[in-house]
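**Q** Protein chains in written order, with numbering that gives the first Met the number 0: chain A, 0 to 151; chain B, 0 to 151; chain C, 0 to 151. Glycine included, each C-beta is placed from N, C-alpha and C at the ideal position.
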Amino acid sequence: MDFHARLQELGYELPGVAKPLASYVPAVRVGNQVWTSGQLPLVEGTLPLTGKVGAEITTEQAQEQARIAALNALAAIDAEVGLDDISRVLKIVGFVASDPGYADQPAVINGASDFIGEVFGDAGTHARSAVGVAALPKNAPVEIELIVEIAA
Amino acid sequence: MDFHARLQELGYELPGVAKPLASYVPAVRVGNQVWTSGQLPLVEGTLPLTGKVGAEITTEQAQEQARIAALNALAAIDAEVGLDDISRVLKIVGFVASDPGYADQPAVINGASDFIGEVFGDAGTHARSAVGVAALPKNAPVEIELIVEIAA
Amino acid sequence: MDFHARLQELGYELPGVAKPLASYVPAVRVGNQVWTSGQLPLVEGTLPLTGKVGAEITTEQAQEQARIAALNALAAIDAEVGLDDISRVLKIVGFVASDPGYADQPAVINGASDFIGEVFGDAGTHARSAVGVAALPKNAPVEIELIVEIAA
Numbered sequence: 000m001d002f003h004a005r006l007q008e009l010g011y012e013l014p015g016v017a018k019p020l021a022s023y024v025p026a027v028r029v030g031n032q033v034w035t036s037g038q039l040p041l042v043e044g045t046l047p048l049t050g051k052v053g054a055e056i057t058t059e060q061a062q063e064q065a066r067i068a069a070l071n072a073l074a075a076i077d078a079e080v081g082l083d084d085i086s087r088v089l090k091i092v093g094f095v096a097s098d099p100g101y102a103d104q105p106a107v108i109n110g111a112s113d114f115i116g117e118v119f120g121d122a123g124t125h126a127r128s129a130v131g132v133a134a135l136p137k138n139a140p141v142e143i144e145l146i147v148e149i150a151a
Numbered sequence: 000m001d002f003h004a005r006l007q008e009l010g011y012e013l014p015g016v017a018k019p020l021a022s023y024v025p026a027v028r029v030g031n032q033v034w035t036s037g038q039l040p041l042v043e044g045t046l047p048l049t050g051k052v053g054a055e056i057t058t059e060q061a062q063e064q065a066r067i068a069a070l071n072a073l074a075a076i077d078a079e080v081g082l083d084d085i086s087r088v089l090k091i092v093g094f095v096a097s098d099p100g101y102a103d104q105p106a107v108i109n110g111a112s113d114f115i116g117e118v119f120g121d122a123g124t125h126a127r128s129a130v131g132v133a134a135l136p137k138n139a140p141v142e143i144e145l146i147v148e149i150a151a
Numbered sequence: 000m001d002f003h004a005r006l007q008e009l010g011y012e013l014p015g016v017a018k019p020l021a022s023y024v025p026a027v028r029v030g031n032q033v034w035t036s037g038q039l040p041l042v043e044g045t046l047p048l049t050g051k052v053g054a055e056i057t058t059e060q061a062q063e064q065a066r067i068a069a070l071n072a073l074a075a076i077d078a079e080v081g082l083d084d085i086s087r088v089l090k091i092v093g094f095v096a097s098d099p100g101y102a103d104q105p106a107v108i109n110g111a112s113d114f115i116g117e118v119f120g121d122a123g124t125h126a127r128s129a130v131g132v133a134a135l136p137k138n139a140p141v142e143i144e145l146i147v148e149i150a151a
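Right, dumping it as structure tokens:
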């Protein structure tokens with residue numbers, strides 16, 4: 000499928016691949032899957048927003064950050080195998096930097112899930128976990144892992 | 000194996016599949032595996048207990064919630080491929096909503112692991128991670144992910 | 000490859016396999032992969048350091064603990080399939096028990112990633128997630144999961 004065209008049609012531009020913050024790579028190919036590293040919502044190397052959801056950051060703001068992190072995950076996959084080779088999105092793990100009283104992590108990670116659904120349609124139906132963590136790298140509000148299946 | 004019968008024998012009833020809180024599915028089949036989404040200990044759509052383990056919730060209470068979440072994970076797998084097709088339980092990831100001073104996450108997730116062992120016997124021996132997180136969806140005390148292998 | 004020799008050359012000794020804290024196993028073989036359970040930085044059954052990174056524990060101290068946890072993960076894999084059968088390290092998930100204001104989880108998990116790179120060279124290039132959690136078992140500062148590929 001031409002998922003590059005689909006992204007463009009939806010008004011999204013695939014960013015350059017975020018440099019890993021450490022001695023690992025943004026994505027690895029494992030048989031007919033690609034596993035991404037945890038992706039932060041970096042935009043040109045910096046985080047648009049920092050802080051905890053439920054404190055400094057609202058659910059709506061965090062949804063947008065989850066979408067950006069998912070877009071970065073797609074860029075990492077694209078650099079590894081080419082986005083158009085994706086046959087199915089298998090799983091999203093979403094970590095939300097949460098105030099201890101915040102309980103709407105699913106709404107935040109919907110920012111990623113709905114974006115994936117928009118781009119991939121039926122091929123975007125995935126398993127998912129959403130959890131609220133104490134803190135994330137660089138004080139990011141959200142971190143996203145993506146696992147996709149690629150065509151043989 | 001007739002794991003439905005085994006559940007019944009142990010006095011458990013497989014619940015209806017919990018509707019996902021968002022745009023994803025409760026479980027996906029990936030080759031000869033099934034990966035569940037993170038499962039909350041919902042009973043007929045509501046959480047029997049909410050709060051942090053080590054604060055409002057005791058270890059013993061949380062163990063029972065972990066067992067319920069694991070039962071919900073089995074229901075999600077059953078709806079996808081049929082419980083009796085499971086040949087092996089491969090992995091449990093257990094997230095425990097924890098008071099920062101609480102350190103007995105393994106005891107909590109034993110509620111899930113021991114239940115899986117009870118139902119599946121040797122086929123239930125799994126890898127496992129147990130971590131304490133700041134907050135979970137709907138203020139749940141525990142969230143469980145399950146990965147199983149299914150017979151060819 | 001003779002990764003046992005490489006470890007020895009680097010001055011590391013593979014420890015005995017840490018007994019699981021619960022009813023699960025330290026590692027499972029899944030096709031041509033081995034998945035470890037979450038590993039704590041136990042040394043002869045006890046944790047050298049406990050507490051939260053960014054509070055009682057420094058980044059440098061936590062890096063060393065991450066390395067120890069990764070060494071324990073290798074021991075678990077070695078007990079399951081033999082270390083020298085590893086063809087590639089695929090993924091590290093690193094959980095860092097974090098003070099809510101701590102944001103340098105990647106530096107901590109570099110303790111594991113750099114160690115894996117040192118031992119496995121190019122075969123050690125992996126995907127990775129690093130998150131800051133509220134609390135870990137036994138008040139450990141870090142917990143590491145490892146997934147490796149083994150030669151056919």
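(1) Taking C-beta to C-beta, are leucine 48 of chain B and proline 136 of chain B nearer than 8 Å?
(2) From this set, A:Val27, A:Val16, A:Pro14, A:Phe2, which residue's C-alpha is nearest isoleucine 91 of chain C's C-alpha?
(3) So what does threonine 45 of chain C bridge to, in DSSP terms?
(4) Kindly indicate if chain A contains any beta-carbon less than 8 Å away from that of tyrosine 101 of chain B.
(5) Would you please state the rounded distance, in angstroms, between the beta carbons of serine 86 of chain C and alanine 122 of chain C? I believe it to be under 8 Å.
(6) Give the straight-line distance between the Cα atoms of valine 80 of chain A and alanine 102 of chain B, rounded to the nearest whole angstrom.
(7) Run through DSSP, which three-state label would lysine 90 of chain B get?
(8) Using only alpha-carbon positions, find the residue among C:Glu148, C:Ala151, C:Gln60, C:Ala54 that is nearest to valine 107 of chain C.
(9) From the DSSP output, read off the bridge partner residues of isoleucine 85 of chain C.
(10) Mind checking the stretch 23 to 37 of chain A against chain C and listing, in chain order, the residues whose C-beta falls within less than 7 Å of any C-beta there?
(11) Name, please, each residue of chain C whose Cβ falls closer than 7 Å to the Cβ of alanine 133 of chain A.
(12) Identify every residue that forms a DSSP beta bridge with glutamine 64 of chain C.
(13) Which partner residues does isoleucine 143 of chain A have in the DSSP bridge list?
(14) Quick check: the Cα distance between threonine 124 of chain B and alanine 65 of chain A, rounded to an integer number of angstroms?
(15) Going by C-alpha distance, which of C:Ala134, C:Phe119, C:Ala72 is nearest glycine 37 of chain C?
(16) Excluding the five sequence neighbours on either side, which residues of its own chain have a C-beta within less than 8 Å of the C-beta of leucine 89 of chain A, listed in chain order?
(17) So, are the CB atoms of alanine 114 of chain C and phenylalanine 2 of chain C less than 8 Å apart?
(18) Would you mind giving the Cβ-Cβ distance between alanine 78 of chain B and proline 25 of chain B, rounded to the nearest angstrom? I have them listed as a contact below 8 Å.
(19) Output needed for valine 95 of chain B: all residues of its chain with C-beta closer than 6 Å, excluding positions within five of it in sequence on either side, in chain order.
(20) In the DSSP output, what is alanine 129 of chain A paired with across the bridge?
(21) DSSP has isoleucine 76 of chain A in a bridge; who is on the other side?
(22) If we call anything under 8 Å between Cβ atoms a contact, is aspartate 109 of chain A one with serine 22 of chain B?
(23) Would leucine 9 of chain B pass as an interface residue toward chain C - the criterion being a Cβ-Cβ separation below 8 Å?
(24) Can you confirm whether phenylalanine 114 of chain B, when its beta carbon is compared against all beta carbons of chain A, has any partner nearer than 8 Å?
(25) Would you call the CB atoms of alanine 133 of chain C and alanine 133 of chain B closer than 8 Å?
(26) Going by CA-CA distance only, name the one from C:Glu144, C:Asp83, C:Ile143, C:Glu117 that's closest to glycine 10 of chain C.
(27) Given that glutamate 43 of chain C touches chain B, what residues does it touch there, using C-beta distances under 8 Å?
(28) Which residue from A:Leu70, A:Val42, A:Val29 puts its Cα closest to that of glutamine 7 of chain A?
(29) Under 7 Å Cβ to Cβ from alanine 68 of chain B, same chain only, skipping five residues before and after it: list those, please.
(30) Within its chain, find whatever has a CB closer than 8 Å to the CB of isoleucine 76 of chain C; leave out the 5 residues flanking it on each side and keep chain order.
(31) Where do the N-terminal and C-terminal ends of the beta strand (DSSP E) with alanine 54 of chain A fall, by residue?
(32) Going by DSSP, what residue range makes up the beta strand (DSSP E) through alanine 106 of chain C?
(33) Along chain C, which residues have their Cβ under 8 Å away from the Cβ of alanine 65 of chain B?
(34) Name the DSSP beta bridge partners of arginine 5 of chain C, please?
**A** Short version:
(1) Position 49 of the second sequence, counted from the first residue, corresponds to residue 48 of chain B. Position 137 of the second sequence, counted from the first residue, corresponds to residue 136 of chain B. In this structure, proline 136 of chain B does not lie closer than 8 Å to leucine 48 of chain B by Cβ.
(2) Walking along the third sequence from the start, residue 91 of chain C turns up at place 92. Nearest C-alpha to isoleucine 91 of chain C: A:Val27.
(3) Within the third sequence, residue 45 of chain C is the residue found at index 46, counting from 1. C:Val42.
(4) Here the question's residue 101 of chain B lines up with position 102 in the second sequence. No, tyrosine 101 of chain B lies away from the interface with chain A (no Cβ there is under 8 Å from its Cβ).
(5) Position 87 of the third sequence, counting from 1, holds the residue named residue 86 of chain C. Position 123 of the third sequence, counting from 1, holds the residue named residue 122 of chain C. Contact holds; Cβ gap of about 7 Å.
(6) Here residue 80 of chain A corresponds to residue number 81 of the first sequence, with the count starting at 1. Here residue 102 of chain B corresponds to residue number 103 of the second sequence, with the count starting at 1. The straight-line gap from Cα to Cα measures roughly 41 Å.
(7) Counted from its first residue, the second sequence places residue 90 of chain B at position 91. Here lysine 90 of chain B sits in strand by DSSP.
(8) As a first step, residue 107 of chain C is located in the third sequence; it is residue number 108 there, counting from the start. Valine 107 of chain C has its Cα closest to that of C:Gln60, out of C:Glu148, C:Ala151, C:Gln60, C:Ala54.
(9) Residue numbering aside, residue 85 of chain C sits at position 86 when the third sequence is read from its first letter. Bridge partners of isoleucine 85 of chain C: C:Ile149.
(10) Those would be Tyr23, Val24, Ala26, Val27, Val29, Trp34, Thr35, Ser36, Gly37, in chain order.
(11) Counted from its first residue, the first sequence places residue 133 of chain A at position 134. Per Cβ cutoff of 7 Å: Ser97, Pro99, Gly131, Val132, Ala133.
(12) The residue you call residue 64 of chain C lines up with position 65 of the third sequence. Glutamine 64 of chain C pairs with nothing; no bridge assigned.
(13) As a first step, residue 143 of chain A must be located in the first sequence, where it is residue number 144. BP columns for isoleucine 143 of chain A point to A:Gln38, A:Gly93.
(14) Looking up residue 124 of chain B in the second sequence gives position 125. Looking up residue 65 of chain A in the first sequence gives position 66. Using only the alpha carbons, I get a separation of about 35 Å.
(15) For this step, residue 37 of chain C is matched to residue 38 along the third sequence. Of the listed residues, the one whose Cα sits closest to glycine 37 of chain C is C:Ala72.
(16) Position 90 of the first sequence, counting from 1, holds the residue named residue 89 of chain A. Within the same chain, leucine 89 of chain A has close Cβ partners Gln32, His125, Ala126, Ile146, Val147, Glu148.
(17) As a position in the third sequence, residue 114 of chain C is number 115, starting the count at 1. As a position in the third sequence, residue 2 of chain C is number 3, starting the count at 1. Sequence inspection shows phenylalanine at residue 114 of chain C; the alanine mentioned does not correspond to that position. No, these two residues do not count as a Cβ contact at 8 Å.
(18) Within the second sequence, the letter at position 79 stands for residue 78 of chain B. Within the second sequence, the letter at position 26 stands for residue 25 of chain B. That belief holds up - the Cβ atoms of alanine 78 of chain B and proline 25 of chain B are roughly 7 Å apart, short of 8 Å.
(19) Taking the second sequence and counting its residues from 1, one reaches residue 95 of chain B at position 96. Contacts found: Val52, Gln104, Val107, Gly131, Val141.
(20) As a position in the first sequence, residue 129 of chain A is number 130, starting the count at 1. A:Gly93, per the DSSP bridge assignment.
(21) For the purposes of this step, residue 76 of chain A is taken as residue 77 along the first sequence, with counting starting at 1. BP columns for isoleucine 76 of chain A are empty, so no partner.
(22) One-based indexing of the first sequence puts residue 109 of chain A at position 110. One-based indexing of the second sequence puts residue 22 of chain B at position 23. The sequence as given places asparagine at residue 109 of chain A; aspartate does not occur at that position. It is a contact, given that the beta carbons lie within the stated cut-off.
(23) The residue given as residue 9 of chain B occupies position 10 in the second sequence. Output row for leucine 9 of chain B: interface = no.
(24) Against the second sequence, residue 114 of chain B aligns to sequence position 115. Not an interface residue.
(25) Numbered from its first residue, the third sequence carries residue 133 of chain C at position 134. Numbered from its first residue, the second sequence carries residue 133 of chain B at position 134. Contact flag set, yes.
(26) Here residue 10 of chain C refers to the residue found at position 11 of the third sequence. Glycine 10 of chain C has its Cα closest to that of C:Glu117, out of C:Glu144, C:Asp83, C:Ile143, C:Glu117.
(27) As a working note, residue 43 of chain C is residue 44 in the third sequence. Correct list: empty, because the minimum Cβ distance to chain B is about 19 Å.
(28) Start at 1 with the first residue of the first sequence, and residue 7 of chain A comes out as number 8. From the listed residues A:Leu70, A:Val42, A:Val29, the smallest Cα separation to glutamine 7 of chain A is found for A:Leu70.
(29) By one-based count along the second sequence, residue 68 of chain B stands at place 69. The beta carbon of alanine 68 of chain B lies closer than 7 Å to those of Gln38, Leu39, Pro40, Ala111, Val141, Glu142, Ile143 in the same chain, with the five residues before and after it left out.
(30) As a first step, residue 76 of chain C must be located in the third sequence, where it is residue number 77. Cβ neighbours of isoleucine 76 of chain C beyond the five flanking positions: Ala26, Val33, Thr35, Leu82, Ile85, Leu145, Val147.
(31) Mapped onto the first sequence, residue 54 of chain A falls at position 55. Per DSSP, alanine 54 of chain A belongs to no beta strand (DSSP E) and is neither H nor E.
(32) As a working note, residue 106 of chain C is residue 107 in the third sequence. That residue, alanine 106 of chain C, is in no beta strand (DSSP E); its alpha helix (DSSP H) goes 104 to 119.
(33) As a working note, residue 65 of chain B is residue 66 in the second sequence. Correct list: empty, because the minimum Cβ distance to chain C is about 11 Å.
(34) Translated into the one-based positions of the third sequence, residue 5 of chain C becomes position 6. DSSP, once it has assigned bridges, lists no residue as partnering arginine 5 of chain C.
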